[in-house]
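Please read the structure below before turning to the comments.
Residue numbers (the working numbering), protein chains in the order written: chain A, 85 to 274; chain B, -2 to 171.
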């Protein structure tokens, strides 16, 4: 049974991403006007994908924290532990870069990325896509494309590749944290 | 009347220690002796846990939760290096050169004993060659720099044949 975070990722969050992908297909015509319009849609798609994935990661982190707090026997310690698990969380104020994700999930006393890679070595390549997505997200948000080759042109295929990578990572994150928290606490977290 | 008795520190800055991290025993380094700040005066240490190639983690742990260790990492095997590079490790490293920079990089073992890379020489086990700048193209290797990347891969101790197989497995573009 996957986490609520993963279920939201593959339903509500996926739905909003599908809608913007359909918007791309709906842009008609063959002239330069269409190329400009589809570029804007691709930019919006990339930014939305980055934010939806960040939302998933934050949700999963919260769900993991709650699972840990739930097994603490002393009720008056629960708020203390909960607050410290999310205090100054990187995912709450920064992008879902591999570094920020690792920093937040490592708080659960897990070598997060090594565990993810050990579970599925193909996630090494997925990290690369995640970094690229975040670079583009920042470039689009700040309208400064120097860090992404100096060119604002972004193909739909690239965004689709990033989305596939995010989905793979989301699935592995869910599996790794579920297994880890179960072993740690003796209780299935979700 | 003091309620605690100060004892000599069991560990010193720079020393390797092992401790429990979740469900694993990991190795870190003492970076600070915080003194007898713990419950009943137990000594607290600042410990660094390397998470290469990402940022290291810093903990404060009590003395009785640390063990001294002289255990060294097992040498990296050719097959492990090849698999790491082929499965995304090479592209990840090449990504660090996408802005035109060319930092040296080494391979080492991570907290689980698997292969990872590091930009810190003192933590590296093999390598040290500079990353070929701008050598990645999407999720492939930039064709004009194929030979340069093969030489870079060989800097990790792989044969010419193994280096070519890694590069060919990833593919080149355009």
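We treat Cβ as the ideally placed atom computed from N, Cα and C, and that holds for glycine.
Could you check where the beta strand (DSSP E) with residue i kicks off and where it finishes?
i: residue 174 of chain B; result: The first residue shown for chain B is -2 and the last is 171, placing residue 174 of chain B beyond what the model contains.
i: residue 58 of chain A; result: The structure shown does not extend to residue 58 of chain A, since chain A is modelled only from 85 through 274, so no value can be given for it.
i: residue 239 of chain A; result: Premise fails: residue 239 of chain A is in no beta strand (DSSP E) and is neither H nor E.
i: residue 161 of chain A; result: Run containing residue 161 of chain A: none; DSSP gives neither H nor E here.
Does residue i come out as helix, strand or coil in the three-state DSSP assignment?
i: residue 74 of chain B; result: coil
i: residue 29 of chain B; result: strand
i: residue 13 of chain B; result: strand
i: residue 7 of chain B; result: coil
i: residue 54 of chain B; result: strand
i: residue 269 of chain A; result: helix
i: residue 229 of chain A; result: coil
i: residue -2 of chain B; result: Here the model assigns residue -2 of chain B a pLDDT of 43, short of 50, so the residue's position is not dependable, and the following value carries that caveat. In this structure, residue -2 of chain B counts as coil in the three-state DSSP scheme.
i: residue 263 of chain A; result: helix
i: residue 135 of chain A; result: helix
Could you spell out the range, first to last residue, of the alpha helix (DSSP H) harbouring residue i?
i: residue 207 of chain A; result: 207 to 226
i: residue 144 of chain B; result: 143 to 151
i: residue 196 of chain A; result: 196 to 203
i: residue 46 of chain B; result: First-last for residue 46 of chain B: 41 to 46, but that is the beta strand (DSSP E), not the alpha helix (DSSP H).
i: residue 87 of chain B; result: 87 to 92
i: residue 163 of chain B; result: 157 to 167
i: residue 186 of chain A; result: 182 to 189
With distance defined between alpha-carbon atoms, name the residue in the options nearest to residue i.
i: residue 132 of chain B; options: B:156, B:41 and B:92; result: B:92
i: residue 240 of chain A; options: A:109, A:98, A:90 and A:100; result: A:109
i: residue 101 of chain B; options: B:124, B:110 and B:95; result: B:124
i: residue 188 of chain A; options: A:244, A:263, A:248 and A:138; result: A:138
i: residue 105 of chain B; options: B:118, B:139 and B:98; result: B:118
i: residue 69 of chain B; options: B:169, B:12, B:143 and B:7; result: B:12
i: residue 238 of chain A; options: A:197, A:220, A:211 and A:225; result: A:220
i: residue 140 of chain B; options: B:164, B:152 and B:159; result: B:164
i: residue 167 of chain A; options: A:181, A:180, A:152 and A:157; result: A:152
i: residue 184 of chain A; options: B:48, B:56, B:84 and B:111; result: B:48
i: residue 99 of chain A; options: A:136, A:141, A:177 and A:120; result: A:136
i: residue 206 of chain A; options: A:248, A:244, A:186 and A:272; result: A:248
i: residue 129 of chain B; options: B:99, B:121, B:40 and B:79; result: B:99
i: residue 186 of chain A; options: A:251, A:196 and A:158; result: A:196
i: residue 61 of chain B; options: B:42, B:51 and B:73; result: B:42
i: residue 152 of chain B; options: B:34, B:26 and B:103; result: B:103
i: residue 258 of chain A; options: A:140, A:244 and A:245; result: A:140
i: residue 182 of chain A; options: A:193, A:245, A:156 and A:253; result: A:253
i: residue 56 of chain B; options: B:77, B:82 and B:29; result: B:29
Quick check on residue i: buried or exposed, where buried means 16 or more other Cβ atoms within 10 Å of its Cβ?
i: residue 199 of chain A; result: buried
i: residue 129 of chain A; result: buried
i: residue 75 of chain B; result: exposed
i: residue 10 of chain B; result: exposed
i: residue -2 of chain B; result: Unreliable positioning characterises residue -2 of chain B in this predicted model, as indicated by a pLDDT of 43, which lies under 50. The coordinate reading is nonetheless provided below. So residue -2 of chain B counts as exposed.
i: residue 113 of chain B; result: buried
i: residue 209 of chain A; result: buried
i: residue 270 of chain A; result: exposed
i: residue 147 of chain A; result: buried
i: residue 230 of chain A; result: exposed
i: residue 87 of chain B; result: buried
i: residue 160 of chain A; result: exposed
i: residue 223 of chain A; result: buried
i: residue 54 of chain B; result: buried
i: residue 159 of chain B; result: buried
i: residue 67 of chain B; result: exposed
i: residue 125 of chain A; result: buried
i: residue 37 of chain B; result: exposed
i: residue 71 of chain B; result: exposed
i: residue 262 of chain A; result: buried
i: residue 179 of chain A; result: buried
i: residue 168 of chain B; result: exposed
i: residue 0 of chain B; result: Since pLDDT at residue 0 of chain B reaches only 46, below the 50 mark, its modelled position is unreliable, and the value read off the structure follows with that caveat. By the neighbour-count rule (16 or more Cβ atoms within 10 Å), residue 0 of chain B is not buried but exposed.
i: residue 79 of chain B; result: buried
i: residue 65 of chain B; result: exposed
i: residue 133 of chain A; result: buried
i: residue 164 of chain A; result: exposed
i: residue 218 of chain A; result: buried
**OP:** Please specify which runs of the alpha helix (DSSP H), each continuous and at least 4 residues long, are wholly inside the region 92 to 127 of chain A, giving them in chain order.
**Re:** Listed in chain order, the complete alpha helix (DSSP H) runs (minimum 4 residues) inside the region 92 to 127 of chain A are 98 to 110.
Subject >> Those runs of the beta strand (DSSP E) which lie wholly inside the region 103 to 136 of chain B and span at least 3 residues >> reply: 112 to 115 and 123 to 127
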